[in-house]
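Right, one structure below, let's go through it.
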Amino acid sequence: MPEYQPVSSAQIAAIERPRCPNCHQNRMLLSKLEQGPTGFDYHSFECQKCGRVQTTVVERDPLTSDVLGWLASELKPPT
C-alpha cells in the first residue's frame with residue numbers, strides 16, 4: 001500500500017479537472033491521489049451529479065520528485 005503524502009492546496013488547484021463523460025457536469029472533483037509507477041501518479045475524479053469515478057495516470061513533475069535529490073547531489077557529469 002502506498003504511503004500517504006499530503007498535497008498542498010496549490011498543487012490541487014493546478015490539477016486539470018475533467019468534465020464528466022456521462023452527464024457533462026461542469027467539472028469532476030478530485031477524490032483521490034495515489035503514487036503510481038516511478039514518475040507517475042494516479043488521479044481519481046468523481047462526478048457529484050451521477051457518481052461516475054474516472055482514474056487517470058499523470059506524469060509527476062520531475063522538479064518535485066526524487067530528481068531534485070539527484071540534481072542537488074555531488075554527482076557531476078564526466079569530464
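By this note's numbering, the letter at position 35 of the sequence shown is numbered 35, and the numbering carries on one by one without gaps.
For each residue, glycine too, the CB sits at the ideal point set by N, CA and C.
Just the Cα atoms here: how many angstroms apart are PRO18 and VAL57?
For this step, residue 18 is matched to residue 18 along the sequence shown. For this step, residue 57 is matched to residue 57 along the sequence shown. PRO18 and VAL57: Cα-Cα distance of roughly 13 Å.
What separation, rounded to the nearest whole angstrom, lies between the Cα atoms of GLY39 and ARG60?
Stepping through the sequence shown from its first residue, residue 39 is reached at position 39. Stepping through the sequence shown from its first residue, residue 60 is reached at position 60. Answer to the nearest angstrom: the Cα atoms are 5 Å apart.
Among the residues of its own chain, which have a CB less than 6 Å from the CB of PRO37, if the five just before and after it don't count?
For the purposes of this step, residue 37 is identified with residue 37 of the sequence shown, where counting begins at 1. Closer than 6 Å at the Cβ level, and outside the excluded window around PRO37, lies no residue.
What three-state label does DSSP hand GLN48 in the structure shown?
Here the question's residue 48 lines up with position 48 in the sequence shown. Correct three-state label for GLN48: coil.
If I measure Cβ to Cβ from CYS50 and keep anything under 6 Å in the same chain, skipping five residues before and after, which residues do I get?
Taking the first residue of the sequence shown as 1, we reach residue 50 at position 50. Closer than 6 Å at Cβ, skipping near neighbours: ASN22, CYS23.
Spell out the partners DSSP gives GLU34 in its beta bridges.
Indexing the sequence shown from 1 puts residue 34 at position 34. Bridge partners of GLU34: TYR42.
Do LEU29 and CYS47 have their C-beta atoms within less than 9 Å of each other?
Position 29 of the sequence shown, counted from the first residue, corresponds to residue 29. Position 47 of the sequence shown, counted from the first residue, corresponds to residue 47. Yes, Cβ-Cβ distance for LEU29 and CYS47 is below 9 Å.
Of the choices PRO78, THR55, THR79, whose alpha-carbon is the least far from that of CYS20?
On the sequence shown, residue 20 is found 20 positions in, with the first residue counted as 1. The shortest Cα separation from CYS20 among PRO78, THR55, THR79 belongs to THR55.
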